[in-house]
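Numbering (the UniProt record's numbering), first residue to last: 1 to 137.
Data first, discussion second: the structure below is written as structure tokens.
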């Protein structure tokens, strides 16, 4: 009985996967056909849009680099912390104590820097973070 129900489930799953594959194939075929029917003007507009997108992405990357993205460094004070993070959409910040500093190297070995903005903070030297109770044991 159990093997029959497993077969029914397997058949249904197989049909769903097959149906999904056909739909994706039809979409790809339609896109290829659309590209094949493009005239020179449409291709030129497509090329210009792609070039603009690449320029925009490069400009964004340069802006991030100028803000310190792609590197990590220690922030010495709360004032510096807030100044660093206010202009960034996303920041990875590792709060540590002197007693847990040895884990910092392990932490960063798991992170690919890329375009992330990484900073570290010793909470024992920062009055706001240390005495606010966020990091007290």
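Each residue gets a CB set at the ideal place from its N, CA and C atoms; glycine is no exception.
Fair warning: this is a prediction, and the values are worked out from it, not measured in the lab.
Legend entry - Alpha-carbon to alpha-carbon, residue 16 and residue 10: Taking the first residue of the chain shown as position 1, residue 10 is located at position 10. Taking the first residue of the chain shown as position 1, residue 16 is located at position 16. Distance between the alpha carbons of residue 10 and residue 16: 10 Å.
Inset, instruction - Using DSSP bridges, identify the partner residues of residue 119. - result: Reading the chain shown from its first residue, position 119 is the one you call residue 119. 73 and 93, per the DSSP bridge assignment.
Inset, instruction - Could you check which residue in 34, 60 and 81 has the C-alpha nearest to that of residue 91? - result: What you label residue 91 is simply residue 91 of the chain shown in a count that begins at 1. If we check each option's Cα against that of residue 91, 81 comes out closest.
Legend entry - Proximity below 8 Å, CB of residue 88 to CB of residue 67: Numbered from its first residue, the chain shown carries residue 88 at position 88. Numbered from its first residue, the chain shown carries residue 67 at position 67. It is a contact, given that the beta carbons lie within the stated cut-off.
Inset, instruction - Could you check if residue 69 is buried or exposed, using at least 16 other CB atoms within 10 Å of its CB as the buried criterion? - result: Stepping through the chain shown from its first residue, residue 69 is reached at position 69. Buried, because 16 or more other Cβ atoms sit within 10 Å of the Cβ of residue 69.
Legend entry - Residue range of the alpha helix (DSSP H) that includes residue 66: For this step, residue 66 is matched to residue 66 along the chain shown. Counting along the chain, the alpha helix (DSSP H) containing residue 66 begins and ends at 40-66.
Inset, instruction - Determine the DSSP secondary structure at residue 8, reduced to helix, strand or coil. - result: To locate residue 8, count along the chain shown from 1; it is residue 8. Note: residue 8 maps to helix in three-state DSSP.
Legend entry - For residue 27 and residue 33, the rounded distance between their alpha carbons: Position 33 of the chain shown, counted from the start, is the residue given in the question as residue 33. Position 27 of the chain shown, counted from the start, is the residue given in the question as residue 27. Going by the C-alpha atoms only, they are around 10 Å apart.
Legend entry - Alpha-carbon to alpha-carbon, residue 95 and residue 137: Locating residue 137 in the chain shown gives position 137, counting from the first residue. Locating residue 95 in the chain shown gives position 95, counting from the first residue. At residue 137 the pLDDT is 46, less than 50, meaning the model places this residue with poor confidence; the figure from the coordinates comes in the next sentence. C-alpha separation (whole angstroms): 13 Å.
Legend entry - residue 59 to residue 7 span [Cα, whole Å]: Start at 1 with the first residue of the chain shown, and residue 59 comes out as number 59. Start at 1 with the first residue of the chain shown, and residue 7 comes out as number 7. Cα to Cα, the separation comes out at about 55 Å.
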